[in-house]
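Down below is the structure, laid out as structure tokens.
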Amino acid sequence: MAARHFLTLNDMSTTELEDLVDHGTRLRNEWRLGTVRDSLKNRVLAMIFEKSSTRTRVSFEAGMAQLGGSAMFLSPRDTQLGRGEPIEDSAIVISRMVDAVMIRTFAHETVETFARASQAPVINALTDDFHPCQLLADMQTFREHRGSIRGATVAWIGDGNNMCHSYINAASQFGFHLNIATPEGYDPDPELMKKHGDRISLVRNPADAARNANLLVTDVWASMGQEDEQKAREKAFHDYQINPALMTLADKDALFMHCLPAHRGEEISADMIEHPASVIWDEAENRLHAQKALLEFLILNRLD
Ligand code: CP
Ligand code: NVA
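For the sequence shown, the positions run 1374 to 1677 when this note's numbering is used.
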């Protein structure tokens, strides 16, 4: 049987995604009670990181350990990946030895190429284009705090980047409307917007996106790999900040999320982290639980 991969949210059906998010909550509750679970005993996850990470590395590595398995950190600096061995060759070899492969890299095409040659499930742990694992955690967090997100309005304020793209996919898969406020020149991918046109609205003014929204989300102005653009982006995104004043326009029960790391004083004001609407620490912790559910789904093909 060909391996299932998780390169974008579209690799799963809505039912699978909803079941996965529910399973994440179940795993969180069990874990908090101290229940021992060894569903992935003797299983190994290879983790290839071509970009930095705190949450993703810790959550995948801890998640595998907590389920009785182990995780192996691979960086291009000390593997043949960094010396030009073809991606396909690396995929064949690595996937013959481990049970799943997690990749954080630049070009989305790299994870697609790897997945095509891999006999083990491949997980996209962030590319320049998508960050689907973060969306599992975000959707789980919303559900735990507010119930179903179906029919809700979400406001994305800031860059039309990998996180924004995954929110666009999530809008279709989880059935919410996404208001996107980006400055001109920083829009999300036009093809993706066209494909999900019925689920999104693109506006220029953050207030227009935030009005009556049930969830406000943002991300850094300059993503990994865009460090040289920091100054230009600070100018372009100057008015695209989530702060308590913007929150007052949202629904009174609105939540605030950020995938982190956050730059206080840029995309959020310093007081947003502790704002009553903020659920960012639950959101960060849920990376662990949602991905444990994902690992069980991909490796064991079950969610119970
Ligand atoms: N949100 C997220 O993916 O964080 P890291 O870059 O620390 O993994
Ligand atoms: N958009 C950010 C997300 C970090 C988790 C980046 O790609 O750097």
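For each residue, glycine too, the CB sits at the ideal point set by N, CA and C.
>> Along the chain, where does the alpha helix (DSSP H) containing residue 1435 start, and where does it finish?
In response: 1428-1439
> In angstroms, rounded to a whole number, what distance separates the CA positions of residue 1519 and residue 1397?
Replying inline: Answer to the nearest angstrom: the Cα atoms are 16 Å apart.
>> If you follow the beta strand (DSSP E) that residue 1552 is in, where does it begin and where does it stop?
In response: 1550-1554
>> Below 8 Å on the Cβ atoms is my contact criterion, and I expect residue 1671 with residue 1556 to pass it. Report the Cβ-Cβ distance as a whole number of Å.
In response: Wrong, their Cβ atoms sit about 37 Å apart, outside the cutoff.
>> Tell me the DSSP secondary structure of residue 1521 in three-state form.
In response: coil
> How many angstroms separate the CA atom of residue 1648 from the CA atom of residue 1551?
Replying inline: 22 Å
> Thinking C-alpha only, which one of 1613, 1424, 1423 is nearest residue 1637?
Replying inline: 1613
> In the structure shown, what three-state DSSP assignment does residue 1574 receive?
Replying inline: Here DSSP, grouped into helix, strand and coil, assigns residue 1574 to strand.
> Less than 8 Å separating the beta-carbons of residue 1542 and residue 1387?
Replying inline: no
> In whole angstroms, what is the alpha-carbon distance linking residue 1582 and residue 1470?
Replying inline: 47 Å
> Just the Cα atoms here: how many angstroms apart are residue 1433 and residue 1478?
Replying inline: 16 Å
> For residue 1415, which residues does DSSP report across the bridge?
Replying inline: In the DSSP assignment, residue 1415 forms no beta bridge with any residue.
> Tell me which same chain residues have a C-beta within less than 8 Å of the C-beta of residue 1413, skipping the five on either side of it?
Replying inline: 1437, 1440, 1441, 1442, 1472, 1668, 1669, 1672, 1673
> Which two residues bound the contiguous beta strand (DSSP E) that contains residue 1443?
Replying inline: 1443-1447
>> So the candidates are 1587, 1645, 1639; which of them puts its Cα closest to the Cα of residue 1525?
In response: Comparing Cα-Cα distances from residue 1525 to each of 1587, 1645, 1639, the minimum goes to 1587.
> Would the beta-carbon of residue 1509 fall within 8 Å of that of residue 1393?
Replying inline: yes
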